[in-house]
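Numbering-wise (my numbering), the sequence shown opens with residue 2 and increments by one.
All remarks here apply to the structure that follows.
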Amino acid sequence: LSWFFQQWFVTYRAARELMMNLFGSLNIVQVVYLAVVSSISEELLFRGALQPYMGVFFTSCLFGLLHVGPGRWLSAWSLWALVAGILLGISVEQTQSLWPAILAHFLINAASMLMMKREFRIMVAQRERAAGLLSRISQ
């Protein structure tokens, strides 16, 4: 699903690039820590505390609104979070447990941050090569 959003939505790519610049320089321990904290806290709030009273759809809408893009605008990133929220909410309804949603949320966040970290390293290497070429040309 992420691939689809990245291919078709400019706003998703813009948000992903911003996130890549934020998370790209993190080490593995920091990535795991952020993935654990965000998955547990967001699932406790949205699926654990809000969903029993608001239902899957409205809780997922709030989850999508929390995941806004740069400049606080709604984007394809928000839409992706809405869809993920619905799927996570359904998993809680079906299993009567937060653990599958927490695990799925952790895996999504960790995998996303690790991919962004990889893309960030590639981007930095390309910029360094380009800067090296420019300095050789200008000499």
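Every residue gets a Cβ at the ideal spot worked out from N, C-alpha and C, and that includes glycine.
- Go ahead and pull the three-state DSSP assignment for His68. Position 67 of the sequence shown holds residue 68. Here His68 sits in coil by DSSP.
- Query: Curious, which full-length alpha helix (DSSP H) runs of at least 4 residues does the segment 33-68 contain?
  - Reply: Assignment of alpha helix (DSSP H) within the segment 33-68, counting only whole runs of 4 or more residues, yields 52-67 in chain order.
- Query: Quick one, which of Ile29, Ser139, Ile87 has its alpha-carbon nearest Phe59's?
  - Reply: By one-based count along the sequence shown, residue 59 stands at place 58. When the alpha-carbon of Phe59 is set against those of Ile29, Ser139, Ile87, the nearest one is in Ile87.
- Measure the CB-CB distance between Trp145 and Tyr13 and report whether it falls below 7 Å. The shown model of the chain, from 2 to 140, leaves out residue 145, and the question about it has no answer.
- Query: Under 7 Å, do Ala36 and Phe107 count as touching if we go by C-beta distance?
  - Reply: The residue labelled residue 36 in the question sits at position 35 within the sequence shown. The residue labelled residue 107 in the question sits at position 106 within the sequence shown. Yes, the pair counts as a contact, with Cβ atoms nearer than the cut-off.
- Task: Would you identify the three-state DSSP class for Trp81, choosing helix, strand or coil?
- Result: Position 80 of the sequence shown, counted from the first residue, corresponds to residue 81. In the structure shown, Trp81 sits in a helix (DSSP, three-state: H, G or I).
- Message: Using only CA atoms, which one of Met124, Val30, Pro53, Ser39 lies nearest to Asn22?
- Response: Here the question's residue 22 lines up with position 21 in the sequence shown. The shortest Cα separation from Asn22 among Met124, Val30, Pro53, Ser39 belongs to Met124.
- Query: At which residues does the alpha helix (DSSP H) containing Gln127 begin and terminate?
  - Reply: Here the question's residue 127 lines up with position 126 in the sequence shown. Residues 100-139.
- Query: Can you tell me whether Glu43 is buried or exposed, with buried defined as 16 or more other CB within 10 angstroms of its CB?
  - Reply: Translated into positions along the sequence shown, residue 43 becomes position 42. Buried, since its Cβ has 16 or more Cβ neighbours within 10 Å.
- Item | Under the three-state DSSP convention, the category Gln8 falls into | Sequence index remark: in the sequence shown, residue 8 carries index 7 (1-based). Correct three-state label for Gln8: helix.
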